[in-house]
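In the working numbering, the protein residues as written are 47 to 341. By construction, the Cβ of each residue, glycine as well, lies at the ideal position given by its N, Cα and C atoms.
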Amino acid sequence: MTTEAPTALLSIAGSDPAGGAGIQADLKTCTALGVYGAAAITCVTVQNSQGVRYFEPLEQQLVYDQIRAVLVDLPISHIKIGMLGSAGVADAVADALYDFTGVLVYDPVLNAGDGHTLFPAAALQRLADDLLSKITVITPNLPELATLDRLPQPPKQLPPLPAGIPADSPLTAAGRLLLRFSQLQAVALTGGHAEPPSDDLEDWLLTRGNGREFQLTRVEHPRLKSGNLHGTGCTFATALAACHLLTGDYQQAMRRAVDFTSAAIKAGAGLPMGDGNGPLAHHLVNRQPCRGRRN
Ligand code: PLP
């Protein structure tokens, strides 16, 4: 029996009524990994496997109050932030986190898989000023990394990257993020969007290392073939936060989060859940046979 006080994870994200992404994916991920999950909703989206039709960000006060209600009551050690939807919501989230000292994992959801804009490009600078300065771990996909890297940079000298990393590698852009945002401890990059597409993927975790040079963790795995990939980014970011809650170590959390996400993709491949880009199957990972109650 553990003597440590239990802690919990809060997801701050949008709602996907079809259950594939956002809050719904985050809570399923927490439950499958054995972590208590709480949820504060930023936006309500109207979508299914065929795409996002439209969404409404919630009132700033409502977002702020949900987060405060959880933080003043539950032992939240980790927060995962996903879709924010508007600059106003991003401000409300940043305000509500004023005294939070735990781990903040941010999945910068800028566009849906079908291309629908989920955060206005014009508000990115405000996002960087208000929220990104508080974030501990960021999990951009490659297009999101490129967008964040285009924000004006302070003129600082980049510490050395591990040997053999070319200057135009996404890792160099990840290093610039670590340099720019002082609270940021790690950038996790998943290879799903790598060009040209290859059969084997490498996911990367770049951490601050010893302060003088960055440390790189590589996790190799085969590219999984599935038509059901909606919510992969949400699932990975929440798994990374949940596994860090469980292990206290970013490298271990990265390996476990990649394994969990791969298992959920594998379990969901071929699942007839909508005619479009369907969800992962968090509920089928580690499934124990159900022993019906005997009378
Ligand atoms: N969060 C919400 C509420 C969404 O609607 C979406 C995409 O539609 C995402 C996050 C991002 O989903 P994905 O993990 O597939 O990039």
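### Query
What's the call for N341, buried or exposed, on a 16-neighbour Cβ count within 10 Å?
Because N341 sits at a pLDDT of 43, beneath the cut-off of 50, its placement in the model cannot be relied upon, and the point is left open.
### As assigned by DSSP and simplified to three states, the class of G322
coil
### Task
With DSSP as the reference, label S179 as helix, strand or coil.
DSSP places S179 in helix when its eight states are reduced to three.
#### Entry: Meets three-Cβ-pair contact criterion under 8 Å: the stretch 154-164 and the stretch 91-107
yes
#### Entry: For K126, three-class secondary structure by DSSP
strand
### Message
Pop quiz: G279 and D153 are said to be a contact at Cβ under 8 Å. What is the actual Cβ separation, rounded to whole angstroms?
### Response
In this structure, G279 and D153 form a Cβ contact; the two beta carbons are roughly 6 Å apart against a cut-off of 8 Å.
### Message
Does the beta-carbon of S61, which I'm using as the reference point, lie nearer than 7 Å to any heavy atom of the ligand PLP?
### Response
yes
#### Entry: Contacting residues, own chain, Cβ-Cβ under 8 Å from T77 (five flanking each side not counted)
G83, H328
### Query
Considering only residues of the same chain and omitting the five flanking positions on each side of Q297, which have a CB-CB separation below 8 Å?
Only L251, T253, T263 meet the Cβ criterion.
### Endpoints, the beta strand (DSSP E) within which T88 is located
82-94
### Message
My assumption, with CB atoms under 8 Å, is that T53 sits in contact with L235. Please give the rounded CB distance.
### Response
That belief does not hold up - the Cβ atoms of T53 and L235 are roughly 27 Å apart, past 8 Å.
### Those residues which DSSP pairs with P103 across a bridge
C89
### Message
Please report the distance separating the alpha-carbon of A303 from that of C289.
### Response
Straight-line Cα distance between these residues: approximately 7 Å.
### Query
According to DSSP, is A315 helix, strand or coil?
Of the three classes helix, strand and coil, the one that applies to A315 here is coil, per DSSP.
### Query
Smallest Cα separation from M319: which of G65, A51, F146?
G65
### Query
Is V30 buried or exposed, if buried means 16 or more other CB atoms sit within 10 Å of its CB?
Residue 30 cannot be examined here, being either before or after the span of the chain that is shown, 47 to 341.
### Task
For L104, collect the residues of the same chain with a Cβ closer than 8 Å to its Cβ; drop the 5 residues on either side in sequence, then sort them by chain order.
Within the same chain, L104 has close Cβ partners I87, T88, C89, V90, V135.
### Task
Let me know if D321 comes out buried or exposed under the rule of 16 or more other beta-carbons within 10 Å of its beta-carbon.
exposed
### Message
Residues in the same chain with beta-carbon distance under 7 Å from D176, minus the five sequence neighbours each way, listed in chain order, please.
### Response
Answer for D176: A136, D137, A140, listed in chain order.
### Task
Closer than 6 Å by C-beta to G255: which residues in its own chain qualify, once you throw out the five before and the five after it? Chain order, please.
Counting only residues of its own chain and dropping the five nearest sequence neighbours on each side, G255 has a CB closer than 6 Å to the CB of Q261.
### Query
G197: which of P208, G294, L173 sits nearest, CA to CA?
A small fix is needed here, since residue 197 is Leu in this sequence, not Gly. When only C-alpha atoms are compared, the closest one is L173.
### Task
Give a yes or no on whether the C-beta atoms belonging to F282 and T182 are separated by under 8 Å.
No; because the gap between Cβ atoms is not below 8 Å, this pair is not in contact.
### Query
So, are the CB atoms of V155 and H124 less than 8 Å apart?
no
### Task
Determine the burial state of S61: buried for a count of at least 16 other Cβ atoms within 10 Å of its Cβ, exposed for fewer.
S61 is buried by the Cβ-count criterion.
### Message
Quick check on I58: buried or exposed, where buried means 16 or more other Cβ atoms within 10 Å of its Cβ?
### Response
buried
### Message
Between M300 and the ligand PLP, is there a pair consisting of the residue's CB and a ligand heavy atom that are separated by less than 7 Å?
### Response
no
### Query
Relative to the ligand PLP, is the shortest distance from any of its heavy atoms to the C-beta of A64 smaller than 7 Å?
no
### Query
With distances taken between CB atoms, is the gap from G128 to F165 smaller than 8 Å?
no
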